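Residue numbers (full-length UniProt numbering): 1 to 178.
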């Protein structure tokens, strides 16, 4: 299990996950990992764990809309899917986690470079830790080719991996939340 936030949270990460804090500054509320693409850094995937203030309310679409607005200033171009709720075991307590998949046009700085992916699919896991007034957001950004956008052959294995990672999260120390 890989330690997040100084070991306060642990998660099972794939072996090829690289801690981004070793190469760039990462905000205290985030843990960021990169998965290198063998052919080009333009196709690298990123996995972000983010501790956020709990958004008021119970409506999933409203809550996700708020968090998506924090992630990007554009609207998704395709699919906004709420998946089956997955229960995460947090110290013996089952906590609901909802998973979504959204797609954006690539608006990164390098989007105009030759060979850049035209779309970014973002997988989002929302874990509401109401006892500590925190929304724990897990996002996996996956560059995809135009012809692959929404293609289950490309997305299904990544989505299965994402569900596995999110399902392995464990809060080891609640003092992280103050």
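By construction, the Cβ of each residue, glycine as well, lies at the ideal position given by its N, Cα and C atoms.
Just so we're clear, the structure is a prediction, and the values are computed from it rather than from any experiment.
- Going by beta carbons, residue 114 and residue 54 fall outside the 9 Å limit.
- Residue 71 holds the alpha-carbon nearest to the alpha-carbon of residue 103 among 15, 88, 71.
- DSSP places residue 60 in the uninterrupted alpha helix (DSSP H) bounded by 60-71.
- In the three-state reduction of the DSSP assignment, residue 168 falls in the coil class.
- With contacts defined by Cβ atoms closer than 9 Å, residue 35 and residue 18 form a contacting pair.
- Linking residue 89 to residue 135 through their CA atoms gives a straight-line distance of about 16 Å.
- Nearest to residue 52 by alpha-carbon distance, out of 43, 94, 67, is 67.
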